[in-house]
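These notes concern the structure reproduced below.
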Amino acid sequence: MWACDAGLTSTIVESYAGAGPLFVNTLQTFLAAHCALVGDDRWGADAVDSVLGNPNYDFIVVGAGSAGAVVANRLSENPEWRVLLIEAGGNPTLATEAPQVFYANLKTKENWGYRTAPQSGSCLAYDDGCSWPRGKVLGGSSSINAMFYVRGNKEDYNEWAAAGNTGWSYDEVLLLFKKSEKFYKPTPESDVYHGTDGYLYVEHTDNVLETEQIVLNATAELGIKVLNDICGETQMGITRSLTTTQDGERLSTARAFLNPIKDRSNLDIVKNAYVTKLVFKDGTNEVTGVIISKDGKEIQANARKEVVLSAGSINTPQLLMLSGIGPKKHLEELNIKVRADLPVGQNLQDHLFVTMFFKAKSELNVGNIETVLQGVGDFVFQRTGILADLSPQRVITFINTTDPNASTPDIQFHHVMFEPNNTEIVDFFDLHGNTEEVQRKFKEINKDHRVIMPYIVLLRPKSKGQLLLKSTDPNVFPDLYSNYFQEQEDVDTILRGMRYMTKLADTETFKKHGLSLTWLDLDDCKAYRDKLSDQFLECIARHLTFSLYHPVGTAKMGPDGDATSVVDPELRVRGVKNLRVVDSSIMPVIPRGNTNAPSIMIGEKGAELVTKTWTDKAAFEANRERFNILKQRRSG
Ligand SMILES: Cc1cc2nc3c(=O)[nH]c(=O)nc-3n(C[C@H](O)[C@H](O)[C@H](O)COP(=O)(O)OP(=O)(O)OC[C@H]3O[C@@H](n4cnc5c(N)ncnc54)[C@H](O)[C@@H]3O)c2cc1C
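Residue numbering for the sequence shown follows our numbering, beginning at 240 and increasing consecutively.
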């Protein structure tokens, strides 16, 4: 059912390390025994022998993440095309499958483990820059993400189209969102926005947990609309989010798009295989294949038609630059031969968030062995219980802090709920690499108190970051400059969001449940005594900055003549033949919402564009042949 390698149980066991060695040992034995019983049959076998036997493919897709898994599935629908999908990570593990413990994957090999370069204006409460997790596993980041199914705002896509990106307007991409989707409860009304025939199950579980209801009621008291469907007519309001889950398990793109076709004979999937370079036809900019590093060996695979890069918004630009496609000056500094001078790695955008805290005294004690064992047992044997869905973390809100009637938001709220002493089970701040001071002070807040921790998310950052190579060695991580809060406007917007959040403390609902606003009392912010002053809020924002894990835009799409673009609206890399980028790197502007569904949509769009090119080409060739035969007959 899931990967039964030696590391199988590590994530889930690590996530309970706080519960003591006896418990951890018991859990390990229990999971290993279960694994031996159920086997590892969900995922197709590694196809490396097939590649070694015949390395010639029609298409090579690099990266089996949110977009790449979709591309590989759609291209291999044509039985005449031989497709190779290459993934740096391995099979999903038990912990990637269990919705509730998604954060536990942050400290495992299923996370690339990137961190931003330390900067003076943000991420100050860390030892080593903000945490930028990315999935290194079949399904990519969709295998370790929080499973919220959100598409963003209609205007996001209309703005992409208005900038000259023909084919990317909301009405056009809506068809692609629907194409992927298998909506859990279709109705005539939902049919406008949701698909029912796709691979990706999208659901809305019926149970509403008490803490979720508290946040819903309190926010409604502030005049915010409660919505059923954030992907429907309007995005503005509060809702329990749709999630990419089914029957108590995560629906990564590996589960949704690869598992059902694992026996397709024209698709080879190679795992734990890292593409280090593109291969070009001698003396040209025509891509003919890739170099793969696997088990210490180098393998060359060849693409008759195209190579599609779907390695995500950090690895795709890294691979482009290593292959000579990037900013000329930067590549020359590293002695890389420049093939195409393009602004790869620029236009980096991300959603940052800042945390706040509401706490209420509680007698509950969830950090005990019985509760945890019960949860693991329920999940392993029945896919039920506390690990089997995302509750109570599903509530999300979109507001506009300057105009309550606007149809586009500038701030999003997520709400993470911690039962008393939760750090004994999963320690959020330890997992994100925050300083010892932050970890200790949060434990004090959480001690014998239930905590609601809102994320205040900046949806439309004005500040842009950049990604630069640190080395020509593909195994060395690039430098990631987030540049969060470089523009004052971003600070101002976050402060408005934080102030809005403080209003929850005054609602009848929060008062009734004894929930009061509290602050993580950081030494660096102690000078500002007034906790509602701009100076104090800004100090908190610059220290307790987090990434919402949505870096995008590093291989920007734009029309001809757009000097900031790396790919054209058909996702072809400029100045290079037979190479496309199909993943979150191509987003010209970050959508106002979470980025998994948009990345899957890009996968669908990219696959359609590639398919059209090569079916049109085949039709053209066939016509030309027919024409030539007719011509010969006539002249003969
Ligand atoms: C912790 C976390 C929580 C998140 N929560 C949500 C959420 O709840 N909702 C939401 O909408 N979004 C969420 N996101 C964001 C969303 O998952 C990503 O934006 C999206 O998955 C990006 O898709 P992608 O195809 O661009 O890249 P990825 O899905 O990251 O895929 C890239 C793939 O390429 C592989 N790869 C990279 N380099 C190479 C190479 N050289 N050779 C071979 N393979 C390679 C990687 O291992 C990976 O599998 C979250 C992300 C994270 C990390």
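A virtual CB, placed ideally from N, CA and C, is assigned to each residue, including glycine.
In this text, all values refer to a predicted model and were calculated from it rather than measured experimentally.
Between N505 and S315, is the Cβ-Cβ spacing less than 8 Å? Numbered from 1 along the sequence shown, position 266 holds the residue referred to as residue 505. Numbered from 1 along the sequence shown, position 76 holds the residue referred to as residue 315. In this structure, S315 lies closer than 8 Å to N505 by Cβ.
Could you tell me the distance, in whole angstroms, from the CA atom of K816 to the CA atom of H671? Taking the first residue of the sequence shown as position 1, residue 816 is located at position 577. Taking the first residue of the sequence shown as position 1, residue 671 is located at position 432. About 40 Å.
Local Cβ density within 10 Å of R373, reported as buried at 16 or more and exposed below that: As a position in the sequence shown, residue 373 is number 134, starting the count at 1. Buried, because 16 or more other Cβ atoms sit within 10 Å of the Cβ of R373.
Taking the beta strand (DSSP E) that M656 belongs to, which residues open and close that run? Taking the first residue of the sequence shown as position 1, residue 656 is located at position 417. Boundaries of the beta strand (DSSP E) around M656: I650 to F657.
What I want to know is whether the C-beta of K375 ends up closer than 7 Å to one or more non-hydrogen atoms of ligand 1. Within the sequence shown, numbered from 1, the residue matching residue 375 stands at position 136. When distances are taken from the beta-carbon of K375 to the heavy atoms of ligand 1, the shortest one is below 7 Å.
Just checking, does the segment 842-857 make contact with the segment 570-580 on the three C-beta pairs under 8 Å criterion? no
Using a 10 Å radius around the Cβ and a threshold of 16 neighbouring Cβ atoms, would you call V715 buried or exposed? As a position in the sequence shown, residue 715 is number 476, starting the count at 1. V715 is exposed by the Cβ-count criterion.
Is it the case that the segment 608-620 contacts the segment 759-771, given that we only count it when at least three CB pairs across the two stretches are under 8 Å? no
N312: buried (16+ other C-beta within 10 angstroms of its C-beta) or exposed? Position 73 of the sequence shown, counting from 1, holds the residue named residue 312. With 16 or more Cβ atoms within 10 Å of its Cβ, N312 is classed as buried.
What is the DSSP secondary structure of K600, counted as helix, strand or coil? Taking the sequence shown and counting its residues from 1, one reaches residue 600 at position 361. Here DSSP, grouped into helix, strand and coil, assigns K600 to strand.
With 16 other Cβ atoms within 10 Å as the buried cut-off, status of E488: Indexing the sequence shown from 1 puts residue 488 at position 249. Counting Cβ neighbours within 10 Å, E488 comes out buried, since at least 16 surround it.
Is V389 closer than 8 Å to E480 when the C-beta atoms are compared? Walking along the sequence shown from the start, residue 480 turns up at place 241. Walking along the sequence shown from the start, residue 389 turns up at place 150. Checking the sequence, you will find Ser at residue 480 rather than Glu. Yes, the Cβ-Cβ distance between S480 and V389 is below 8 Å.
Residues that I531 bridges to, as DSSP identifies them: Start at 1 with the first residue of the sequence shown, and residue 531 comes out as number 292. DSSP, once it has assigned bridges, lists V514 and I538 as partnering I531.
Kindly examine ligand 1 and report whether one of its heavy atoms sits closer than 7 Å to the Cβ of H433. Sequence index remark: in the sequence shown, residue 433 carries index 194 (1-based). No, Cβ of H433 sits at least 7 Å from all heavy atoms of ligand 1.
Counting only the same chain and skipping the five closest in sequence on each side, list residues whose C-beta sits under 6 Å from that of E864. Residue 864 sits at position 625 when you count from the first residue of the sequence shown. Excluding positions up to five away in sequence, the list is empty.
Using beta-carbon positions only, say whether N438 and F519 come within less than 8 Å of one another. Taking the first residue of the sequence shown as position 1, residue 438 is located at position 199. Taking the first residue of the sequence shown as position 1, residue 519 is located at position 280. First, the residue type needs correcting, since residue 438 is Tyr and not Asn in the sequence shown. Not closer than 8 Å, so no.
Please classify P260: does DSSP put it in a helix, a strand, or coil? For the purposes of this step, residue 260 is taken as the residue at position 21 of the sequence shown. Low per-residue confidence applies at P260: pLDDT is 48, beneath 50, and the placement is therefore not dependable, though the value from the model is reported in the following sentence. Here P260 sits in helix by DSSP.
heavy atom of ligand 1 below 7 Å from E537 C-beta: Looking up residue 537 in the sequence shown gives position 298. For ligand 1, not one heavy atom lies less than 7 Å from the Cβ of E537.
A846 by DSSP, collapsed to three states: which one? Here the question's residue 846 lines up with position 607 in the sequence shown. Correct three-state label for A846: helix.
Compute the Euclidean distance between the alpha carbons of G434 and V309, then round it to the nearest angstrom. Counting from one through the sequence shown, the residue named residue 434 turns up at place 195. Counting from one through the sequence shown, the residue named residue 309 turns up at place 70. Whole-angstrom Cα-Cα distance: 16 Å.
Should D822 and G307 be called a contact, given that it needs their Cβ atoms to be closer than 8 Å? In the sequence shown, counting from the first residue as 1, residue 822 sits at position 583. In the sequence shown, counting from the first residue as 1, residue 307 sits at position 68. One thing to note: D822 has its Cβ within 8 Å of the Cβ of G307.
Throw me the rounded Cβ distance for the A402 and L783 pair, which I believe falls under 8 Å. Start at 1 with the first residue of the sequence shown, and residue 402 comes out as number 163. Start at 1 with the first residue of the sequence shown, and residue 783 comes out as number 544. So it is not a contact: roughly 34 Å between Cβ atoms.
With DSSP as the reference, label F775 as helix, strand or coil. As a working note, residue 775 is residue 536 in the sequence shown. It is helical.
Distance cut-off 7 Å: V655 Cβ against heavy atoms of ligand 1: The residue labelled residue 655 in the question sits at position 416 within the sequence shown. No, the beta carbon of V655 sits no closer than 7 Å to any heavy atom of ligand 1.
Give the straight-line distance between the Cα atoms of N867 and F859, rounded to the nearest whole angstrom. Reading the sequence shown from its first residue, position 628 is the one you call residue 867. Reading the sequence shown from its first residue, position 620 is the one you call residue 859. Approximately 12 Å, taken between the alpha carbons.
Residues that DSSP places opposite Y388 in a beta bridge: Taking the first residue of the sequence shown as 1, we reach residue 388 at position 149. DSSP lists no partner for Y388.
Under three-state DSSP, which class holds A579? In the sequence shown, counting from the first residue as 1, residue 579 sits at position 340. In the three-state reduction of the DSSP assignment, A579 falls in the strand class, which pools E and B.
Rounded to whole angstroms, what is the Cα-Cα separation between M796 and V828? Numbered from its first residue, the sequence shown carries residue 796 at position 557. Numbered from its first residue, the sequence shown carries residue 828 at position 589. Near 9 Å, if we compare the C-alpha coordinates of V828 and M796.
For a quick check, are the C-beta atoms of D589 and S721 less than 8 Å apart? On the sequence shown, position 350 is the one that residue 589 refers to. On the sequence shown, position 482 is the one that residue 721 refers to. Yes, Cβ-Cβ distance for D589 and S721 is below 8 Å.
For L759, which residues in the same chain have their Cβ closer than 8 Å to its Cβ, ignoring the five residues on either side in sequence? Looking up residue 759 in the sequence shown gives position 520. These residues qualify, in order along the chain: T594, F596, V677, K680, F681, I684, I779 and L783.
Runs of 4 residues minimum, wholly inside the segment 365-416: which ones carry the alpha helix (DSSP H) assignment? 393-401
Selected residue, minimal CA-CA separation from Q727, among I530, E777, K686 and S804: The count along the sequence shown starts at 1 and reaches residue 727 at position 488. Closest by alpha carbon: E777.
Within the continuous beta strand (DSSP E) that includes H671, where are the two ends? Position 432 of the sequence shown holds residue 671. Taken as a continuous stretch (DSSP letters only), H671 belongs to no beta strand (DSSP E), as it is neither H nor E.
Alpha carbon to alpha carbon, what distance is there between V791 and M240? Mapped onto the sequence shown, residue 240 falls at position 1. Mapped onto the sequence shown, residue 791 falls at position 552. Model confidence at M240 stands at a pLDDT of 45, short of 50, so the residue's coordinates are unreliable; what they give is reported in the following sentence. Their backbone Cα atoms lie some 32 Å apart in a straight line.
Since R831 and N384 should fall inside the 8 Å C-beta cutoff, what is the C-beta to C-beta distance between them, to a whole number of angstroms? Residue 831 sits at position 592 when you count from the first residue of the sequence shown. Residue 384 sits at position 145 when you count from the first residue of the sequence shown. Wrong, their Cβ atoms sit about 18 Å apart, outside the cutoff.
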